[in-house]
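J.: I'd like to ask you about the structure that follows.
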Amino acid sequence: MAHEHDHAVADRRRLAIAFGITATVLVAEVIGAIITGSLALLVDAAHMLTDAGGLLVALVASRLVERPASARRTWGLRRAEVLAATAQAAVLLAVGLYVAIEGVQRLFAPPEIASTELLIFGIIGLVANVIALLVLFGGRTRTLNMRAAFLEVGADALGSIGVIVAAIVIALTGWQQADAVAAIAIGLLIVPRTVRLLRATVDVLLESVPRGIDLDDVRQHLADTPHVVEVHDLHVTQIATGLPVLTAHVVVDDECFHDGHAAEITAELQQCVAEHFDVAIAHSTFQVEPASVARAHDLH
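Its first residue numbered 275, the sequence shown is counted upward by one per residue in my numbering.
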């Protein structure tokens with residue numbers, strides 16, 4: 275538990291630093307977009323605004339998940355990080371689609387872009403995003419919340435690269451549409467990554483079987499346990515990152531309830547799901563019932 279707490283504190287520190295960097299760059303890019311008239315920089319600033327809000331939500335969510343369980347919320351607020359990641363992914367998706375639409379319109383009516391200033395602000399954004407990525411790198415795979423934050427800053431870095439490329443092209447060739455092309459490219463980079471994250475968070479909210487767990491394989495291993503007759507009502511879901519849970523009804527031989535072996539079977543089943551599979555299921559609940567009772571229920 276102390277090790278997990280240390281990770282949580284470190285992740286919060288990473289998120290706080292990344293938020294500070296992102297908010298600073300946001301202000302700089304808004305000023306730059308006004309000065310240069312660049313759509314790519316304006317869109318990147320809008321993306322930065324979304325990311326700054328997302329990082330703030332992630333920072334708050336990382337604190338909420340540590341609140342203890344209560345009589346009303348038996349898992350505490352562990353799912354807050356999933357809700358935060360879902361909200362961030364949904365907003366990012368909307369921003370990506372907006373960028374693509376606005377960029378196409380600009381292709382037919384490109385404004386004059388101040389390429390030198392655009393290049394300067396693009397470099398500032400890229401340097402800041404790289405620093406934020408390095409800060410978040412160590413915790414990027416620990417939770418969906420951290421994954422979302424890392425994804426957002428990574429998309430920002432790609433957006434800054436697009437701004438830099440557009441500035442160079444405009445300066446060398448005078449082709450103003452390069453700004454709109456960069457904006458469209460930023461949108462196309464945002465959307466597919468965001469869809470993957472949104473799908474992962476929705477899977478948790480819909481209580482889908484966690485990735486890496488084969489339900490048929492789990493059922494077969496439980497059924498192969500000595501004295502187990504049948505396994506039904508098997509459910510494996512995920513409360514939050516790294517917290518899969520399992521429930522099942524297990525029918526066993528009647529004599530197990532006469533010789534006291536039923537309790538041992540329950541322990542064997544819990545050990546099986548906690549140790550046998552690639553994804554350990556530490557939280558499992560089994561309802562063990564004798565075969566005669568199960569047959570009686572089937573008759574009714």
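Glycine included, each C-beta is placed from N, C-alpha and C at the ideal position.
Helix or strand or just coil, what does DSSP make of Val437?
T.: helix
J.: Consult DSSP for Val401 and reduce its assignment to one of helix, strand or coil.
T.: helix
J.: Take Val505 as the anchor and find which of Asp491, Thr515 and Leu517 has the nearest alpha-carbon.
T.: Asp491
J.: Please list the terminal residues of the continuous alpha helix (DSSP H) segment that includes Asp490.
T.: Leu489 to Ala497
J.: If you draw a straight line from the alpha carbon of Ala536 to that of Ala345, how long is it in whole angstroms?
T.: 29 Å
J.: Between which residues of its own chain and Ser558 is the CB-CB distance below 6 Å, once the five residues before and five after are set aside?
T.: Leu520, Gln544 and Val547
J.: Could you tell me which residues DSSP pairs with Val524 in its beta bridges?
T.: Val505 and Val562, per the DSSP bridge assignment.
J.: Report the three-state DSSP secondary structure of Pro484 (helix, strand or coil).
T.: coil
J.: Once you ignore the five residues that flank Ala320 on each side, which residues in its own chain have a CB closer than 7 Å to its CB?
T.: Val369
J.: Do you know how far the Cα of Arg353 is from the Cα of His574?
T.: Per-residue confidence for His574 stands at a pLDDT of 46, beneath the threshold of 50, marking its modelled position as unreliable; no derived number is given.
J.: Among Val502, Glu549 and Leu479, which residue has its Cα nearest to the Cα of Arg561?
T.: The sequence as given places Gln at residue 561; Arg does not occur at that position. Comparing Cα positions, the closest option is Val502.
J.: When DSSP labels each residue in this structure, what does Gln512 get in the three-state scheme?
T.: strand
J.: Please report the straight-line C-alpha distance between Leu408 and Phe293, rounded to a whole angstrom.
T.: Cα to Cα, the separation comes out at about 13 Å.
J.: Pro342 to Gly428, Cα distance in whole Å?
T.: 32 Å
J.: Where does Leu289 land, buried or exposed, given buried means 16+ other C-beta within 10 angstroms?
T.: buried
J.: Kindly indicate the opening and closing residues of the alpha helix (DSSP H) around Val553.
T.: Note, Val553: premise wrong, no alpha helix (DSSP H); not H, not E.
J.: Around the Cβ of Ala556, are there at least 16 other Cβ atoms within 10 angstroms (buried) or fewer (exposed)?
T.: exposed
J.: Could you name the residues of the same chain whose beta carbon sits closer than 7 Å to that of Gly436, not counting the 5 residues immediately before and after it, in chain order?
T.: Ala314, Ala456, Ala459 and Ile460
J.: Is Glu303 closer than 8 Å to Thr515 when the C-beta atoms are compared?
T.: no
J.: Of all the options Asp527, Asp533 and Val443, which has the alpha carbon lying nearest to the alpha carbon of Thr390?
T.: Val443
J.: Taking DSSP as the reference, what is the three-state secondary structure of Pro466?
T.: helix
J.: Which first and last residues belong to the alpha helix (DSSP H) in which Ile375 is found?
T.: Ala354 to Phe382
J.: Just curious, the alpha helix (DSSP H) that Glu542 is in, first and last residue?
T.: Ala536 to Glu549
J.: May I have the straight-line CA-CA distance separating Thr348 from Thr511, to the nearest angstrom?
T.: Rounded to the nearest angstrom, the two C-alpha atoms are 15 Å apart.
J.: Measure the alpha-carbon distance for Ile308 versus Phe424 and round it to whole angstroms.
T.: 28 Å
J.: Whether or not the stretch 459 to 477 and the stretch 493 to 500 are in contact is what I'm after, with contact meaning three or more pairs of Cβ atoms, one per stretch, closer than 8 Å; do they touch?
T.: no
J.: For Gly486 and Val553, which I take to be in contact (beta-carbon distance under 8 Å), what is that distance rounded to the nearest angstrom?
T.: That belief holds up - the Cβ atoms of Gly486 and Val553 are roughly 4 Å apart, short of 8 Å.
J.: Would you tell me roughly how many angstroms separate the C-alpha atoms of Ala361 and Gly433, rounded to the nearest one?
T.: 21 Å
J.: How is Leu351 classed by DSSP in three states: helix, strand or coil?
T.: coil
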